[in-house]
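In order, the protein sequences belong to chains A and B.
Per this note's numbering, the very first residue in the first sequence carries number 1; after that it's consecutive.
Per this note's numbering, the very first residue in the second sequence carries number 377; after that it's consecutive.
Glycine residues also receive a C-beta, built at the ideal position from the N, C-alpha and C atoms.
These numbers were taken from a predicted model, which means no experiment stands behind them.
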Amino acid sequence: MPLRRGIEKDFRPGVTREAPPLRGAGGCDINSRLWEANREVEVFDVELCGVVKAYGGRRAVDGVSLQVRRGEFFSLLGPSGCGKSTLLRMVAGFEFPDGGSVRLGGADMAGVPPHRRDVNLVFQNYALFPHLDVGGNVAFGLRIMRADDIEGRVRRALEKVGLAGYERRLPATLSGGEQQRVALARAVVTGPRVLLLDEPLAALDLKLRKGLREELRRLHRDLGMTFLYVTHDQEEALAMSDRVAVMNRGAVEQVGTPEDVYERPATRFTAGFVGAGNFFEGTGDGRVVRTPDGLEFPVAASGEVTLLVRPEKVRLDGGEGIPARVEEVIYQGASTSVVLRAGERRLLAETSGAGVRPGQAVAVSWRPGDVRVLPR
Amino acid sequence: MNKRSLSLLLVPAGWLALFLLVPTVVLAVRSLGPEAARTLAEATTWMLLGRSFLIAAVATVLCLGVSYPAALFIAGCSARWRNLLLFLVVLPFWTNLLVRTFALMFVLRPLGILYTEGAVILGLVHSFLPFMILPLYVSIEKVPRRLLEASQDLGASPWRTFWKVTVPLTMPGIAAGCMLVFIPLLGIFALPEFLGGTRVPMVGNQINHYFMRSENPGAGSALTLVLMLLTAAFAGLYYRLRRTEGLV
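Structural data, given as structure tokens:
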């Protein structure tokens, strides 16, 4: 049987390693005190505990521990091949972990098949049943449950996703965006504990994607359901989520609010993946960090560190600063991206106003408070 | 369609006209005689047709029942196994049907069911399995796996998923397989001749009998025409069904 669908195409062979220290999530051991303490004060709909999934010796998921709160919009964000989809499929029950445990509403899901799990998945490519009309698709889960008032519930679900009156249409006659709305209605109509979304917007064009993003957010608010959302699009994750888990090579790099992961990235990977940045590698003595090319940053760090300055924190109008030359100016409407050259270094800046031209000499500066220290 | 592509049809069209159209017309003309009318007026003729229909239908349904799990199994195998299994499915074509039928007789005789309707049906199912398995396999293989997952995700057990998703989506394969088996079965004569003896004649045997033994080509022609019309009716029904289901 082809049971290997969970492997993502460009999976990178991950090194076997311990799960990294977790921030804001529970510990790796189900009996750990932090984990238990979390459970005492909050209700978790999804709990992953040291989850491992290997394909032929490669660990696609390598010791992931997470706790998703009830009613939370939680995103798994990472590049393709980082294991986020595999993780989602383990929550749905299509894959079983080789190690660790998956809990839904506190109940261990070991050996529980997909149809007995109180979660519904929205697939990237919609996965609507072509032999059923829209109404039949949305009613599918309700019929299995032998629910009451199927017709009314289908109608209300379709209204909620803006497709009132679409019952008799066949999926093949709908646009991609409409098909994904039907898939959403089909997944939420049975009222699952958790809605799983596997890059539901990836197949749509940009404008539609942005519209649906807001709609998903609204749907989440209306339903009060827990959403576990998988995406490789950092903008999407930041815009929609209550919390984000940034994943890399099968492991979680950081868990936090969108603001946390953007403003206070815990690792170099997170800083680079979530947004753009200027990185400076240097050595700190506790008061000042010096880079090999002679830059000095007055930050309290010691040892080998990487410093991050986000492009929008870079100022070009200060009187003093690092002398640089403007290489490129990319006008983006609301803002302008500026590529600068300072010696060997390439710097990125994002400004709101115009005023710089390619070739112009500028002094680059930033406030000391805008410098973030990352471990190396 | 230009003249050049039409000219491509010249040879096949001529071939069909000479060897299909002409004989059919001859057959039709011959079946206008008095023997034909007498044969068609007999109740036994219609009973025979009815029984042939029933045997063909039962054999087709059994064939479907045996083939579906086989096709499902093959479609679920890895690519290497799949090719091997499909090769095994068509392997019987490499041996002569008569040889296979004789071989089957050696098995059925000691079981004591040779020359019964059961033996005929068994033989028919046996020899037409590939015609059923192949179209079923093709349509099962085309069912996207994510649809099966979506069904299970929405709470359907694998069994219900099979009935609510796999079967409806493989209807074209089921219909094609059934037509491929049922239509030849209606007119078959060699297999019932050997496995059923004189006790289980089907319409094909009777036609053979009229032409070869009792020198009554008129009756044979009439019966053949009735069979042809029936077959055409079924084929027409099939295409109509396919069209309304939007599967063409």
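To which residues does DSSP link Asp-62 of chain A through a beta bridge?
A:Val-52
Classify Leu-430 of chain B as buried or exposed, calling it buried when 16 or more other Cβ atoms lie within 10 Å of its own Cβ.
exposed
Quick one, which of A:Glu-167, A:Tyr-229, A:Thr-257, A:Met-90 has its alpha-carbon nearest Val-51 of chain A's?
A:Met-90
Does any CB atom of chain A fall closer than 7 Å to the CB of Gln-528 of chain B?
yes
Separation of Arg-70 of chain A from Ala-164 of chain A, as counted between CA atoms:
29 Å
Assign Ser-454 of chain B to buried or exposed, taking buried as 16 or more other Cβ atoms, counted over all protein chains shown, within 10 Å of its Cβ.
exposed
Could you check where the beta strand (DSSP E) with Arg-376 of chain A kicks off and where it finishes?
Here Arg-376 of chain A belongs to no beta strand (DSSP E), and DSSP marks it neither H nor E.
Below 8 Å, how does it come out for the segment 313-332 of chain A and the segment 346-363 of chain A: are there three or more Cβ pairs, yes or no?
yes
Buried versus exposed call for Asn-459 of chain B [16 or more other C-beta atoms within 10 Å across all chains shown]
exposed
For Asn-120 of chain A, would you say it is in contact with chain B, using Cβ-to-Cβ distances shorter than 7 Å as the test?
yes
Does any residue of chain A bring its CB to less than 7 Å from the CB of Gly-553 of chain B?
no
Would you mind working out which of A:Ser-101, A:Arg-341, A:Glu-235, A:Val-246 sits nearest Gly-111 of chain A, comparing C-alpha positions?
A:Ser-101
Element boundaries [beta strand (DSSP E), containing Ser-101 of chain A]
99-104
I want to see whether chain A comes within less than 7 Å of Leu-605 of chain B, judged by CB atoms only; does it?
no
With distances taken from CA atoms, which of A:His-220, A:Thr-267, A:Thr-283, A:Gly-106 is nearest Val-299 of chain A?
A:Thr-283
Please report the distance separating the alpha-carbon of Asn-377 of chain A from that of Gly-93 of chain A.
Absent from the structure is residue 377 of chain A, since the part of chain A shown begins at 1 and ends at 376.
Helix, strand or coil: how does DSSP classify Met-225 of chain A here?
coil
In chain B, which residues lie less than 7 Å from His-115 of chain A when you measure between Cβ atoms?
Gln-528, Gly-531, Ala-532, Ser-533
Please classify Arg-221 of chain A as buried or exposed, where buried requires at least 16 neighbouring CB atoms within 10 angstroms.
exposed
Under 7 Å between the Cβ atoms of Ala-636 of chain B and Glu-517 of chain B?
Because chain B spans 377 through 624 in this model, residue 636 of chain B falls outside it and cannot be assessed.
Looking at Leu-603 of chain B and Gly-573 of chain B, is the spacing between their C-beta atoms short of 7 Å?
no
What is the rounded straight-line gap between the Cα of Val-161 of chain A and the Cα of Arg-218 of chain A?
10 Å
DSSP three-state call for Leu-669 of chain B: helix, strand or coil?
Past the edges of chain B, shown from 377 to 624, lies residue 669 of chain B, and the structure says nothing about it.
DSSP-derived helix/strand/coil call for Thr-421 of chain B:
helix
Within-7 Å CB hit, Ile-150 of chain A to chain B:
no
Against chain A, with Cβ distances strictly below 7 Å, would Leu-523 of chain B count as a contact?
yes
Buried or exposed for Ser-626 of chain B, please, with buried defined as at least 16 other CB atoms from any protein chain shown within 10 angstroms of its CB.
One cannot answer for residue 626 of chain B here, as it falls past the ends of chain B, which runs 377 to 624.
Considering Cα atoms alone, identify which of A:Ser-335, A:Gly-56, A:Val-326, A:Glu-199 is closest to Ala-342 of chain A.
A:Val-326
Are there 16 or more other CB atoms within 10 angstroms of the CB of Pro-21 of chain A, so buried, or fewer, so exposed?
In this predicted model, Pro-21 of chain A has a pLDDT of only 40, less than 50, meaning its place in the structure is not dependable; the value taken from the coordinates is given anyway. So Pro-21 of chain A counts as exposed.
Which runs of the alpha helix (DSSP H) spanning at least 4 residues fall entirely within the segment 475-544 of chain B, listed in chain order?
493-518, 521-529, 534-537
Indicate the three-state DSSP secondary structure (helix, strand or coil) for Tyr-331 of chain A in the structure shown.
strand
Measure the alpha-carbon distance for Leu-195 of chain A versus Ser-75 of chain A and round it to whole angstroms.
12 Å
Using 8 Å for Cβ pairs, my map puts Phe-273 of chain A next to Val-246 of chain A. What's the rounded Cβ distance?
6 Å
I'd like to know if Pro-548 of chain B contacts chain A, where contact means its C-beta is closer than 7 Å to some C-beta of that chain.
no
What are the boundary residues of the beta strand (DSSP E) that Asp-285 of chain A is part of?
278-285
Can you check whether the CB of Ala-598 of chain B is closer than 7 Å to the CB of Ser-428 of chain B?
no
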